[in-house]
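Visitor: Numbering (my numbering), first residue to last: 4 to 889. Here a beta-carbon is modelled for each residue, glycine too, at the ideal position from N, C-alpha and C. It should be emphasised that the depicted structure is a prediction, and the values quoted were computed from it without experimental measurement.
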DNA sequence: GTAATGGAC
DNA sequence: TGGTAGTCCATTACG
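Listed below in structure tokens is the structure:
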């Protein structure tokens, strides 16, 4: 059956405006009232599933009600501009919903609604009226129910005649009598002074209507009677004002408000404009939104999609000759496991798409040869990943020419959305569907039918093709040509080589360690229970917090968003209070080792070959460092002896070979000495002094032989602080001293190393002026928050300005060393292999007969990777496993 | 999916 | 003044 939903636009938007906190979109437009309105609207549409919908608005300020009573709605606060500006937004949004809007000069929204509700009743249809104004209750009937918003906007109370009877003891028509007697302050309707809801209801129980009350006023006693007698006219007028006029000359029919649902694309676009991302997600409009944009951007490029599955292989050779970009799509985060989906080869006019499963067919041979041909340049997105995926199909990718992901990373390593979809948008080159829109995400992931997938791959390949010249040009302009073409781009292949090689890990060693850890975990668990006097889940920060702070009454040091903090820093402070704390720390240490390093690494050892193959990512860290995933081999324990044992499992993959590890000595402080030009610091490194001892001497003003272990420890912390972008607060936390003392240290440090001080000041100033900082190799990082008025954000940006050139230059240097080592191994035809990089360390496996050579070559290459004003030093060590190479 | 925690440099 | 040491990744608990 037909059902109308009639919404009082002005009432709801007002409610929403005051119910929601102020909210603006990125262009500063207020949107809270529209958001509240929309939330309510969606809920009603969903619950009522109406066949007709209308939103009515008041038109202008003067209505027929003012004719008899000029003060009607007088004394009202002027609509705040924050709300006024939202009316056009709401009206636009309603259009996107395909919901009709009525307004008529001289009438209010409730008159329009009353008229339509009557129309609906007359035709035997039902209607739902939505408002924040209880006046509307007069419209309730067998066929009309009224929803009145309750606290907020999306919570509503449903009034039927029965509900009104239960709540007020009135029939709907008496609502106007109620208003006539009690008035309505918000509409400036006077009613009868001294009569509120209670009295009015009592009178109506007895007399039924305003007219009847006035007729029998002599039956009423005392002050009330006086009040009524003195305000009889006011009561009559008030009733009239409160009466909804149900004969508005609308000149419309019900068919004008018929509603058959909204158009996804239009609504998605409207939500995007308003930046209602949550609503967009809730309605699953993401794909529709992008589709709409993609369709509108389609003019940006025209190419013919040839899906070999449906159209055959003819023309493949021409396509390869003309190819300007290639896209290799795979599914799965870990490229060592990801499954190929398809390959798209694009030229200006055509895009050739081959499902990955056909890559092994004879027809695909030209494509495979092309991929392996070093003289056929390939441009793509994430060539590093592509190389690994293809390698597992026995295809050896050659001729890597340009990688838009890598180029975009160099242009802005903090790019918020480095996906192809995001980059295309970011560089103003139009729209393609996002992978998420095409595949879905998480459990909902599915590869769509071949036709849709071919289209998507073609769009991505074409996006690469169009983006390439722009990115190349920008690299040139920002002086990053060499960084890209001579370092990062070729390094990607070196990394892929290391990953394919993998490192042998002895599962037995890990299992034995795991057995020992397990024994000690059980031991420690019992000890913790014994200390507590009962059992609980030590691994639950929530339960642990309750035990420590509620039951054992230990002092609360720090809180998290959700409760007590129980991190190591807190526990260390609590150690003196209770024996349980030390046991918990030990438990934490052991379970970390067990789950992350024993169990975690065991899962990663490939059954064929007994190796672990990590995946280095070149486009993650904002400073230019690499990162390592699946698993992370850059955080294998070393500081604590128990954890360090894990390294015993990392062994050479050939019998008789040796693990050789070389690490830079103080590379970051040497870089600092170079870029700051500080004479004292340079001098210290030229003389190969122990830098922390030297720092202690200068900061404490003592002779070398007077530096004790504690002074050296503190000096070391100061040096760390300097590299990280120092603050007195941070240093005080680290050394457990007062802020004043920390500030004193820093002051002393800057006096001893004035060049460092000058660098820190000037790099921050430079960042403020340019908006970015750079490394020695012109790697760049933007720091937009360096001018922020918020102290914390600005301070963070300042520390980053100090740290990034140091950490980033160190990253540049080891990357150069990796390139050079790779070349050296190839040139000399060595069998030795580079296996791992851990920020300042390179790990190799070396056959016996190359050991003497490598132990000279590696530190030599590392220390000469880049010429600085101070020497670079790399220390080398060897052993039968990574633990022994220390 | 997010928060808390902790491993590395 | 106000309150974070810089960069990452993986795990567990929990809603």
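Is residue 653 helix, strand or coil by DSSP?
Guide: Residue mapping note: residue 653 aligns to position 650 of the first chain, counting from 1. Strand at residue 653.
Visitor: List the endpoints of the continuous alpha helix (DSSP H) containing residue 114.
Guide: Counted from its first residue, the first chain places residue 114 at position 111. It spans 112-125 - the alpha helix (DSSP H) in which residue 114 sits, taken as one unbroken run.
Visitor: Under the DSSP definition of a beta bridge, which residues are partnered with residue 69?
Guide: Position 66 of the first chain, counted from the start, is the residue given in the question as residue 69. Answer is none; residue 69 lacks a bridge partner.
Visitor: Alpha carbons only, please: which of 569, 525 and 291 is nearest the one belonging to residue 543?
Guide: Counting from 1 along the first chain, the entry for residue 543 is found at position 540. With distances taken between Cα atoms, residue 543 lies closest to 569.
Visitor: Restricting to runs no shorter than 3 residues, where is the beta strand (DSSP E) found entirely within the segment 318-347?
Guide: 328-334
Visitor: Report the three-state DSSP secondary structure of residue 292 (helix, strand or coil).
Guide: Residue 292 sits at position 289 when you count from the first residue of the first chain. Three-state DSSP puts residue 292 in a helix.
Visitor: Exposed or buried, which one is residue 853 when buried takes at least 16 other CB atoms within 10 Å?
Guide: Position 850 of the first chain, counted from the start, is the residue given in the question as residue 853. So residue 853 ends up on the buried side.
Visitor: Taking residue 491 as the reference, give the member of 782, 11, 119 and 840 with the closest Cα.
Guide: Here residue 491 refers to the residue found at position 488 when the first chain is read from its first residue. The option with the nearest alpha carbon to residue 491 is 782.
Visitor: Relative to the C-alpha of residue 103, which residue among 378, 294, 385 and 255 is closest?
Guide: Taking the first chain and counting its residues from 1, the one referred to as residue 103 is at position 100. Cα-wise, what sits closest to residue 103 is 255.
Visitor: Could you spell out where the alpha helix (DSSP H) holding residue 151 opens and where it closes?
Guide: Position 148 of the first chain, counting from 1, holds the residue named residue 151. Segment 147-153 is the beta strand (DSSP E) holding residue 151; no alpha helix (DSSP H) there.
Visitor: Please classify residue 777: does DSSP put it in a helix, a strand, or coil?
Guide: In the first chain, the residue the question calls residue 777 occupies position 774. The answer is strand: DSSP assigns residue 777 an E or B state.
Visitor: Using 9 Å as the threshold, is the C-beta distance between residue 593 and residue 463 below it?
Guide: As a first step, residue 593 must be located in the first chain, where it is residue number 590. As a first step, residue 463 must be located in the first chain, where it is residue number 460. No.
Visitor: Smallest Cα separation from residue 292: which of 353, 871 and 267?
Guide: Here residue 292 refers to the residue found at position 289 when the first chain is read from its first residue. If we check each option's Cα against that of residue 292, 267 comes out closest.
Visitor: Could you give the first and the last residue of the continuous beta strand (DSSP E) run that contains residue 882?
Guide: By one-based count along the first chain, residue 882 stands at place 879. Residue 882 -> beta strand (DSSP E) spans 877-882.
Visitor: So is residue 388 buried or exposed if we call it buried at 16+ other beta carbons inside 10 Å?
Guide: By one-based count along the first chain, residue 388 stands at place 385. Residue 388 should be labelled buried.
Visitor: Looking only at DSSP bridge pairs, what is residue 131 linked to?
Guide: For the purposes of this step, residue 131 is taken as residue 128 along the first chain, with counting starting at 1. Looking at the DSSP assignment, residue 131 forms a beta bridge with 8 and 148.
Visitor: Does the separation of the CB atoms of residue 16 and residue 142 fall below 9 Å?
Guide: Residue mapping note: residue 16 aligns to position 13 of the first chain, counting from 1. Residue mapping note: residue 142 aligns to position 139 of the first chain, counting from 1. No. Outside cutoff.
Visitor: With a floor of 4 residues, list each alpha helix (DSSP H) that falls wholly inside the segment 678-726, ordered by position along the chain.
Guide: Counting only runs that start and end inside the segment 678-726, the alpha helix (DSSP H) elements of at least 4 residues fall at 682-689 and 694-703.
Visitor: Quick check: the Cα distance between residue 731 and residue 720, rounded to an integer number of angstroms?
Guide: Here residue 731 refers to the residue found at position 728 when the first chain is read from its first residue. Here residue 720 refers to the residue found at position 717 when the first chain is read from its first residue. Each residue's alpha carbon lies about 12 Å from the other.
Visitor: What residues in its chain sit with their C-beta under 7 Å from that of residue 144, if we drop five residues either side in the sequence?
Guide: Within the first chain, the letter at position 141 stands for residue 144. 124, 164 and 175, listed in sequence order.
Visitor: Do the segment 737-754 and the segment 665-672 make contact, defined as three or more Cβ pairs closer than 8 Å?
Guide: no
Visitor: Closer than 8 Å by C-beta to residue 41: which residues in its own chain qualify, once you throw out the five before and the five after it? Chain order, please.
Guide: Residue mapping note: residue 41 aligns to position 38 of the first chain, counting from 1. If we look at residue 41 and ignore the five residues flanking it on each side, its Cβ neighbours are 96, 279 and 282.
Visitor: Would you give the residue range spanned by the beta strand (DSSP E) that residue 358 belongs to?
Guide: For the purposes of this step, residue 358 is taken as residue 355 along the first chain, with counting starting at 1. Residue 358 -> beta strand (DSSP E) spans 353-358.
Visitor: Assuming contact is defined by CB atoms lying nearer than 9 Å, are residue 140 and residue 162 in contact in what I supplied?
Guide: On the first chain, residue 140 is found 137 positions in, with the first residue counted as 1. On the first chain, residue 162 is found 159 positions in, with the first residue counted as 1. Cβ distance < 9 Å, so residue 140 and residue 162 count as in contact.
Visitor: Give me the residue from 844, 192, 529 and 454 with the minimum Cα distance to residue 865.
Guide: In the first chain, residue 865 corresponds to position 862, counting from 1. Residue 865 has its Cα closest to that of 844, out of 844, 192, 529 and 454.
Visitor: Let me know if residue 688 comes out buried or exposed under the rule of 16 or more other beta-carbons within 10 Å of its beta-carbon.
Guide: By one-based count along the first chain, residue 688 stands at place 685. Buried is the call here.
Visitor: Determine the DSSP secondary structure at residue 397, reduced to helix, strand or coil.
Guide: Counting from one through the first chain, the residue named residue 397 turns up at place 394. The three-state secondary structure of residue 397, taken from DSSP, is coil.
Visitor: May I have the straight-line CA-CA distance separating residue 815 from residue 94, to the nearest angstrom?
Guide: Looking up residue 815 in the first chain gives position 812. Looking up residue 94 in the first chain gives position 91. So the two alpha carbons sit approximately 55 Å from each other.
Visitor: Spatial neighbours of residue 75 within its chain, please: CB distance less than 8 Å, with the 5 preceding and 5 following residues excluded, ordered by chain position.
Guide: By one-based count along the first chain, residue 75 stands at place 72. Only 66, 68, 69, 190, 191, 192 and 244 meet the Cβ criterion.
Visitor: Below 8 Å CB to CB, which residues in the same chain sit around residue 238 once its five sequence neighbours on both sides are set aside?
Guide: Residue numbering aside, residue 238 sits at position 235 when the first chain is read from its first letter. Correct list, in chain order: 183, 184, 194, 195, 213, 216, 217 and 231.
Visitor: Helix or strand or just coil, what does DSSP make of residue 663?
Guide: Here residue 663 is taken as the residue at index 660 of the first chain, counted from 1. Here residue 663 sits in strand by DSSP.
Visitor: In chain order, what residues of the same chain have a beta carbon less than 8 Å from the beta carbon of residue 647, not counting five sequence neighbours either side?
Guide: For the purposes of this step, residue 647 is identified with residue 644 of the first chain, where counting begins at 1. Contacts found: 640, 641 and 886.
Visitor: List the whole-angstrom C-beta distance separating residue 631 from residue 586, where the pair is believed to meet the contact cut-off of C-beta under 8 Å.
Guide: Translated into the one-based positions of the first chain, residue 631 becomes position 628. Translated into the one-based positions of the first chain, residue 586 becomes position 583. Not a contact, Cβ separation roughly 32 Å.
Visitor: Would the segment 341-350 count as touching the segment 448-466 if we require 3 or more Cβ pairs under 8 Å?
Guide: yes
Visitor: Specify the secondary structure class of residue 570 as computed by DSSP and reduced to three states.
Guide: Taking the first chain and counting its residues from 1, one reaches residue 570 at position 567. Residue 570 falls in the coil class under three-state DSSP.
Visitor: From residue 546 to residue 749, what distance separates their C-alpha atoms?
Guide: Translated into positions along the first chain, residue 546 becomes position 543. Translated into positions along the first chain, residue 749 becomes position 746. Using only the alpha carbons, I get a separation of about 41 Å.
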